[in-house]
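Single-structure report; data block below.
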Ligand code: ADP
Ligand code: MG
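Structural data, given as structure tokens:
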């Protein structure tokens with residue numbers, strides 16, 4: 001498919017005898033915003049983790065730019081730099097200030113000079129509205145501020161796609177809006193994004209496609225209008241009834 005950047009075919013993953021992903025087929029085009037929804041335990045995080053090889057799939061293909069990365073493992077670190085990941089729990093380096101959080105990966109992994117890394121970090125801290133906190137430690141920040149730093153850190157690596165795993169689930173309600181606002185801006189600016197979230201209004205507004213997972217399979221994959229207003233499957237209707 002033209003412009004397809006990620007193309008997953010027949011992906012499977014088990015933990016012991018528990019089949020967590022079953023024959024997943026899923027693709028993302030350049031510039032597309034795809035939101036993954038579904039009940040807790042349905043396999044959403046495992047799907048993201050298989051995508052950036054934090055987990056090794058048992059079977060199937062993970063094609064990136066037309067190449068199956070599972071059979072081209074020689075450059076795993078190179079591959080991982082193409083995908084920026086934002087986690088529910090931020091995963092900031094708590095003993096480093098905001099700026100260092102955003103430059104260490106650039107210097108270590110991408111071998112950028114400190115000056116260059118700093119310039120790039122400052123640019124993205126500006127994008128997320130955290131410029132004035134450059135010397136703060138994570139412990140001095142609210143959850144929403146930490147998550148915006150985590151987003152700036154991911155952006156500073158200039159990834160080709162961004163993966164978000166429930167980025168607002170650990171936040172106090174009054175912080176959620178700021179983080180969603182930043183993500184909306186990124187979506188509008190053409191970033192390729194895969195977002196796991198329970199924020200249904202946000203999903204409806206920003207997504208090109210919504211994917212609903214249930215017990216390790218994709219039960220629905222369509223536009224927000226198709227999935228929210230004209231769901232094809234009973235399981236989707238049941239989920240939406242609970243979630244909306
Ligand atoms: P979701 O993100 O949709 O809540 P997950 O992908 O985290 O779902 O988990 C799907 C299922 O896989 C759950 O039943 C979970 O307990 C199980 N699981 C996830 N990671 C592991 C692991 N490392 N070892 C064993 N079971 C796991
Ligand atoms: Mg999860």
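In the UniProt record's numbering, the protein residues as written are 1 to 244.
Backbone N, C-alpha and C define an ideal beta-carbon position, used for all residues, glycine too.
With 5 Å as the limit between CB and the heavy atoms of ligand 1, the residues that fall short of it are 15, 20, 40, 41, 42, 43, 44, 45 and 46. Counted as a single uninterrupted DSSP element, the stretch harbouring residue 100 is not any beta strand (DSSP E) but the alpha helix (DSSP H) occupying residues 98-108. In the structure shown, the three-state DSSP call for residue 239 is helix. In the DSSP assignment, residue 202 falls within the alpha helix (DSSP H) that extends over 200-206. Residues of the same chain with a CB within less than 7 Å of the CB of residue 200, apart from the 5 flanking positions on each side, are 243 and 244 in chain order. Rounded to the nearest angstrom, the gap between the Cα atoms of residue 96 and residue 119 is 18 Å. For the pair residue 27 and residue 131, the Cα-to-Cα distance works out to about 35 Å. Within the DSSP secondary-structure output, residue 46 pairs in no beta bridge. Listed in chain order, the beta strand (DSSP E) runs fully inside the segment 159-234 are 161-165, 193-196, 209-214 and 217-222, counting runs of at least 3 residues.
Per DSSP, residue 16 has no beta-bridge partner at all. Looking at the DSSP output, residue 64 sits in a beta bridge with 6 and 67. For residue 190, the CB contacts under 6 Å within the same chain, skipping 5 residues up- and downstream, are 31 in chain order.
Shortest Cα-Cα distance from residue 156 to any of 168, 124 and 182 involves 124.
In the three-state DSSP reduction, residue 85 falls in the strand class (E or B). Assignment of beta-bridge partners to residue 26 by DSSP yields 8. Per the coordinates, the alpha-carbon of residue 153 lies some 31 Å from the alpha-carbon of residue 15. In the DSSP assignment, no residue is bridged to residue 56.
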